[in-house]
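Just so you know, the sequence shown maps onto residues 217 to 388 in the numbering used here.
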Amino acid sequence: MATRRRAVQEEERTSDGKVEAQAALSRLGSWLEERGLKHSRQRDVIVETFYGMGGHVPVDGLVARVRSLDARVSVATVYRTMKLLAECGIAVPRRFDDGQTRYEPATGRAHHDHLICTGCGRIVEFENEKIEELQKRVARSHGFDVESHKLELYGRCDRCRSGEAGSREARS
Ligand SMILES: [Zn+2]
Ligand SMILES: [Zn+2]
217 MATRRRAVQE
227 EERTSDGKVE
237 AQAALSRLGS
247 WLEERGLKHS
257 RQRDVIVETF
267 YGMGGHVPVD
277 GLVARVRSLD
287 ARVSVATVYR
297 TMKLLAECGI
307 AVPRRFDDGQ
317 TRYEPATGRA
327 HHDHLICTGC
337 GRIVEFENEK
347 IEELQKRVAR
357 SHGFDVESHK
367 LELYGRCDRC
377 RSGEAGSREA
387 RS
């Protein structure tokens, strides 16, 4: 399951994440310094692995990958580090209907919403100005000023709907 999701995400990526990881590490570095917190090599490994995986990374998948690289890194350290990254604005936590906590890289990324396949778990990002505007208008008509929003559309993706994808995925 996790591998399949990762494979899908890989297609949607434009780079191997090394450049982004470096940018994130230097941002994290100065953020930690401002707060008088110490640098840690384990944290670097987690950040590099996270960016290397790309897409919307489930925390347990990240834990497994990090620990396969360095077994000394504890589960708690991975969770703590990801919370830290979210605090510092490098990663955004996501919680879709399956209840798993995922993180996606946030540096240099615009707001977007998500389509989630209930068949294979594929996650597709989209942006639509009209929807954005419409949401603000609806909120305003109810006297709200929108600060943020999350829009998640659930359904079956083209691959799952074609059936042929389902049998291929079942074998992998
Ligand atoms: Zn699907
Ligand atoms: Zn996303």
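We put the beta carbon where it would ideally sit given N, CA and C, even for glycine.
Because the structure is a prediction, the values reported are computed rather than measured.
- Within the same chain, G233, K234, E236, A237, A240, P321 come within 8 Å of Y267 by CB-CB distance, once the 5 residues on both sides are set aside.
- A Cβ-Cβ distance of about 15 Å is found for the pair T297 and R251, leaving them out of contact under the 8 Å criterion.
- The count of Cβ pairs closer than 8 Å, one atom from the segment 329–336 and one from the segment 284–297, stays below three, leaving the stretches out of contact.
- Between K346 and V362 the beta-carbon gap is near 15 Å, outside 8 Å, which marks them as no contact.
- For H330, the shortest separation between its Cβ and any heavy atom of ligand 2 lies below 7 Å.
- Counting only the Cα atoms, R356 lies some 11 Å from E349.
- Sixteen is the threshold: since fewer than 16 other Cβ atoms of the shown chains lie within 10 Å of the Cβ of V354, the residue is exposed.
- Put simply, of T265, L244, R375, S290 the residue whose alpha carbon is nearest the alpha carbon of E303 is L244.
- Rounded to the nearest whole angstrom, the C-alpha separation of C373 and L331 is 9 Å.
- A direct Cα-to-Cα measurement between L301 and V263 gives close to 8 Å.
- Less than 8 Å divides the Cβ of H272 from the Cβ of R318.
- Rounded to the nearest angstrom, the gap between the Cα atoms of F360 and D329 is 20 Å.
- Rounded to whole angstroms, the Cβ separation of R283 and V289 is 6 Å, and the two are in contact under 8 Å.
- Within the chosen limit of 7 Å, ligand 2 reaches the beta carbon of E320 through at least one heavy atom.
- Burial of G270 is indicated by the presence of at least 16 other C-beta atoms within 10 angstroms of its C-beta.
- For T317, the enclosing beta strand (DSSP E) begins and ends at 317–321.
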